[in-house]
Amino acid sequence: MDKKLKGLYEFGPFRLDVTERLLLRAGEAVPLTPKAFDLLLALIVQPGHLLEKETLLKTVWPDSFVEENNLADNISKLRKALGEGENGQKFIETVPKRGYRFVAEVRAQNGASAASDVTLLPATPIPAVVNGTSATSEQVAAVPLRSEKSAQETSLSSRINPRRRRVLLVCGLIILAAAIPIYFSQKSRGQMPGVTRYTQVTSDGRLKRDAVVTDGSRVYFSEQLGGQMALAQVSSAGGEAVPFQPSLSNANLLAISPDGSKLLIRGDAGSAQAAPLWIVPVTGGTPYRLGEVLAHSATWAANGAGITYANGGELFQVMNDGSGSRKLLSVTGKIEWLRWSPAGNRLRFTVLDTKTLSPKLWEAAADGTNPHPLLPNWNKPEGECCGNWSADGKYFVFESARNRVSDIWVLGEESGLFTRARREPVRLTSGPINFHAPVLSADGNRIFAIGEQQRGELIRYDTNTRQFVRYLAGLSAEGLNFSADGEWISYVTHPEGDLWRSKVDGSER
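Residues in the sequence shown are numbered consecutively from 25, following my numbering.
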């Protein structure tokens, strides 16, 4: 009997939602590529059974011919994502020269099936764009967030209110370029949001960076085009990214006005020097320069009546026509990424240590007094930056780098008679994708961020065609070395860092 898999599967601390194509660990989403998710699903519906390599290849890649090293590579990704079970027991067992077996106990929930006569729900493929021996990619995707509730409460909430909340994410260095919306679930007083799903929004394969901003219906960002950074826009529901104001070359997107009608742009994005600021109407019209202001970063005031800009370690306030500049404060380091609280009573920004290049979040009063680190001694070494407030001022999202992985964190800001703001940040994402520059949608239900995942591709030079072609199906690896007899190769998978040996054709790995 042929049927679609559905329902929920639980094993160890994990819950796998087939319909949402989501893996959760203790309520926190575990990012997986579409094929890694399909592979995990194929394994857990037949726990304790040996699945031959050929069977898994046909199940996960039904319409493609792929080599075994692709299967091994995805198994490696799953093991890193799942980690160790209780008593050090691994979830996925390797049966030498045969295949793999899922060894943990699996509990099927909500009508889920553990039968072998099933077909997997199709995944949306993420296209790859290769440049030399490594690849950089960005895609727009969605990550749902849920409140800190019990599993029962979460399930009930999803049935009562099935509306999905998205977050935009842009990925780089993964052989894909993307933005990803993250969905916030309903939040009652005192509860913090959590990630529940990633949804791909773009698939153009172009590098994206700097700020990501939205006016509700559209998402704006900077992407690399023809060797320079250019402005682009895409529907917040996903689709094809299109150029925006092509007359502005090498543009660095900084912010969007509070009413969503104008973008704030820094010219000469490739320069480390302070550069002119430009204001660009989102509905069309001619961009115009902000007086004679030169800045590294800038943003609008909370009420839109003026612009705050940074030049080196100094902050200034100026009118919207570039007149009346006055100094607010100065710090040691380089000030970047300025964001006012919705109430306009606090200003947060990133201070970059010019010696170590380590970023740190800072905060100051509206008049520039009492500038101080926002999270002193919270992370060693420090690596926090690029924060944004929710429109209601209840949350502040930012990125934090730990062990070379950058994730999205949220800080609760709301306090009242019976509640107090949660001053300890809560992690929203947990690798393997690096997330950068998160920003909340106007309705507070989505987060837009930049993400990256490093990948590579082995290629070889074909002397007959005089072209570079993929080697070992484009395996993401580095440090390739041949044995003296030319029969064996060794390499290190990237970015996992695992050392492997195989025949030159990829067999006997």
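Don't be surprised by glycine CBs; every beta carbon is placed ideally from N, CA and C. Note that the structure is a prediction, hence the values are computed from the model and not measured.
| Item | Value |
| --- | --- |
| Going straight from the alpha carbon of PHE538 to that of SER500, what length do you get? | Within the shown structure, residues of the chain are numbered from 25 to 533, placing residue 538 beyond reach of any answer. |
| Report the rounded CA-to-CA distance for ASP391 versus ARG372, giving the unit in angstroms. | 12 Å |
| With a threshold of 8 Å, are at least 3 pairs of Cβ atoms found where one atom belongs to the segment 504-519 and the other to the segment 253-272? | no |
| Count Cβ pairs between the segment 113-132 and the segment 71-79 that sit closer than 8 Å; are there 3 or more? | yes |
| Secondary structure at ARG313, three-state DSSP: helix, strand or coil? | strand |
| If you count every other CB in all the chains shown that lies within 10 Å of the CB of PRO405, and 16 or more means buried, which is it? | exposed |
| Could you check how far apart the C-beta atoms of ALA466 and ALA415 are, in whole angstroms? I think they sit under 8 Å. | 5 Å |
| What residues in its chain sit with their C-beta under 6 Å from that of GLY530, if we drop five residues either side in the sequence? | GLU91, ASN93, LEU496 |
| Tell me which same chain residues have a C-beta within less than 8 Å of the C-beta of TYR312, skipping the five on either side of it? | TRP302, ILE303 |
| Could you give the uninterrupted runs of the beta strand (DSSP E) lying entirely in the segment 323-371, keeping only those of 3 residues or more? | 331-335, 338-342, 350-354, 358-364 |
| Looking at the secondary structure, which residues open and close the beta strand (DSSP E) in which VAL516 lies? | 512-517 |
| Looking at the secondary structure, which residues open and close the beta strand (DSSP E) in which LYS232 lies? | 232-238 |
| Out of ILE68, LEU40, ALA329, LEU67, point me to the one whose CA is closest to PRO55's CA. | LEU40 |
| If I'm right that SER424 touches TRP361 with Cβ under 8 Å, what's the distance once you round it to whole angstroms? | That belief does not hold up - the Cβ atoms of SER424 and TRP361 are roughly 14 Å apart, past 8 Å. |
| Under three-state DSSP, which class holds GLY521? | coil |
| Count the other CB atoms, across all protein chains shown, that sit within 10 Å of the CB of PHE442; report buried if there are 16 or more and exposed otherwise. | Any reading at PHE442 must be qualified, since the residue scores a pLDDT of 45, below 50, and its modelled position is unreliable; the value itself is stated next. It is exposed - the Cβ of PHE442 has fewer than 16 other Cβ atoms within 10 Å. |
| Where does LYS286 fall in DSSP's three states? | strand |
| Look at the alpha carbon of PRO282 and the alpha carbon of TRP364, and state the distance between them as a whole number of angstroms. | 10 Å |
| I'd like to check one pair, LEU231 with GLN252: are the Cβ atoms closer than 8 Å? | no |
| Helix or strand or just coil, what does DSSP make of LYS114? | strand |
| I'd like the span of the beta strand (DSSP E) that includes ALA508, first residue to last. | That residue, ALA508, is in no beta strand (DSSP E); it is neither H nor E in DSSP. |
| So, with DSSP's three-state summary, where would you put PRO305? | strand |
| Is the Cβ-Cβ distance between ALA128 and PHE61 less than 8 Å? | no |
| Quick check on VAL84: buried or exposed, where buried means 16 or more other Cβ atoms within 10 Å of its Cβ? | buried |
| Pull up the distance between the alpha-carbon of GLY336 and that of ALA66, whole angstroms please. | 54 Å |
| Is DSSP giving THR378 helix, strand or coil here? | coil |
| Checking 8 Å against the spacing of the C-beta atoms, do LEU399 and LEU381 come in under that value? | no |
| With DSSP collapsed to three states, give me the class of ALA225. | It should be noted that the sequence gives Val, not Ala, for residue 225. Correct three-state label for VAL225: coil. |
| Scan the segment 454-502 and note each continuous beta strand (DSSP E) run of 3 residues or more that stays entirely inside, going in chain order. | 458-464, 470-476, 483-486, 491-494 |
| Taking just the CA atoms, how far does VAL243 sit from LYS82? | 38 Å |
| Please report the residue range of the beta strand (DSSP E) in which VAL421 lies. | 419-426 |
| Look at LEU504 and LEU523 and say whether their C-beta atoms are less than 8 Å apart. | no |
| Apart from the five residues on each side of it in sequence, which residues of its chain come closer than 8 Å, Cβ to Cβ, to ASN327? | PRO282, GLY368 |
| So what does GLY123 bridge to, in DSSP terms? | GLU76, VAL119 |
| Should GLY308 go down as buried or exposed, given a rule of 16 or more other Cβ atoms within 10 Å for buried? | exposed |
| Between LYS358 and GLU338, is the Cβ-Cβ spacing less than 8 Å? | no |
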